[in-house]
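Last residue of the sequence shown: 159 in my numbering, with the numbers rising by one and none dropped.
We put the beta carbon where it would ideally sit given N, CA and C, even for glycine.
Remember, it's a predicted structure, so these values are computed and weren't measured experimentally.
For reference, the structure is listed below as C-alpha cells.
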Amino acid sequence: MPQRPKPTALRVIEGNRARRPMPKNEPRPRRGIPKPPAHLDSYALAEWDRITPELDAIGLLSTIDGTTLAAYCQCVSRWMQAEEAIQRMKARDKLTSALMIKTSNGNAIQNPLIGVANRAMHMAIRFAAEFGMSPAARARLDALPHEPDPQNERKESYF
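This is the structure we're talking about:
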C-alpha cells in the first residue's frame, strides 16, 4: 500500500527532503483557528486550547480543520476519561490493579476500559500525525513563527 501524501505545509517546513515537485494547484484554505464545536467536553476543550495556538503559530492550522481537530481532541478526552476510570477501579482492586474483571460467570477477562483507553489513544496518535504532532514529525520540522497575513485574519468556523 503506498504511503499517504504528506500535507504540503509539512513538506515546506521540513524542507522538501524528497525533492519532489510541490503541487501547483493545491487548495489553500484560510489560515486561522476555528471555533471549537459545542459538543466538546472539558477535557477536549482543554486539549483544543492547548494545541491550537501552537499549530497556528507554525502555519499548520486552517479554518476548515475544525472537524479533524475536534475528532483528535475528543479521542484525547475519551482516553483520559477511560484512564481515570481505570485508576478509580485500581484503588479497589489490589489483585489485578483493574486490568482484569470477573464476568457474571466468574471468568476473568480483560477490563473493557483497557480496550477503550487503548483504542482512543491509538486514534489520538493517528489524528496527531495528521497535524505533524508526533515526536518523529517534530524532529523533521524546521519552522519559524509565521507573520500574520491580513487576508487570513478572519477566524470563522464551519460548525
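Count the other CB atoms within 10 Å of the CB of arginine 78; is the residue buried (16 or more) or exposed (fewer)?
buried
Just the Cα atoms here: how many angstroms apart are alanine 46 and arginine 17?
34 Å
Alpha carbon to alpha carbon, how far is threonine 103 from leucine 113?
14 Å
Would you mind reading off the limits of the beta strand (DSSP E) that contains lysine 94?
It is not in any beta strand (DSSP E) - lysine 94 carries neither H nor E in the DSSP assignment.
Please report the straight-line C-alpha distance between arginine 31 and threonine 68, rounded to a whole angstrom.
Approximately 15 Å between the Cα atoms of the pair.
Keeping to the same chain, check which residues put their C-beta closer than 6 Å to that of proline 145; ignore five residues upstream and five downstream.
Note that proline 145 scores 49 on pLDDT, short of 50, meaning its location in the model is unreliable and no value can be drawn from it.
Only counting runs of 4 or more residues, tell me where the alpha helix (DSSP H) segments fall wholly within the segment 56-141, in order along the chain.
As far as the segment 56-141 is concerned, its whole alpha helix (DSSP H) runs of at least 4 residues are 66-92, 112-130 and 135-140.
Can you find the residues in the same chain that come closer than 7 Å, C-beta to C-beta, to glutamate 130, ignoring five residues on each side of it along the sequence?
Thr68
If alanine 44 and valine 76 are in contact, beta carbons under 8 Å, what's the gap, nearest whole angstrom?
Confirmed, about 7 Å.
From asparagine 118 to arginine 19, what does the alpha carbon distance come to, in whole angstroms?
One C-alpha to the other measures close to 37 Å.
With 16 as the cutoff for other CB atoms within 10 Å, does aspartate 41 come out buried or exposed?
exposed
Starting from the C-beta of leucine 99, find all residues in its chain whose C-beta is less than 8 Å away, skip the five residues before and the five after it, and write them out in chain order.
Gln110, Asn111 and Ile114
Does DSSP classify arginine 50 as helix, strand or coil?
helix
Give the single residue among Ala124, Ala136, Lys35 and Pro29 whose Cα lies nearest to the Cα of methionine 80.
Ala124
Shortest alpha-carbon distance to arginine 50 belongs to which of Ala70, Ala38, Ile64 and Thr63?
Ala70
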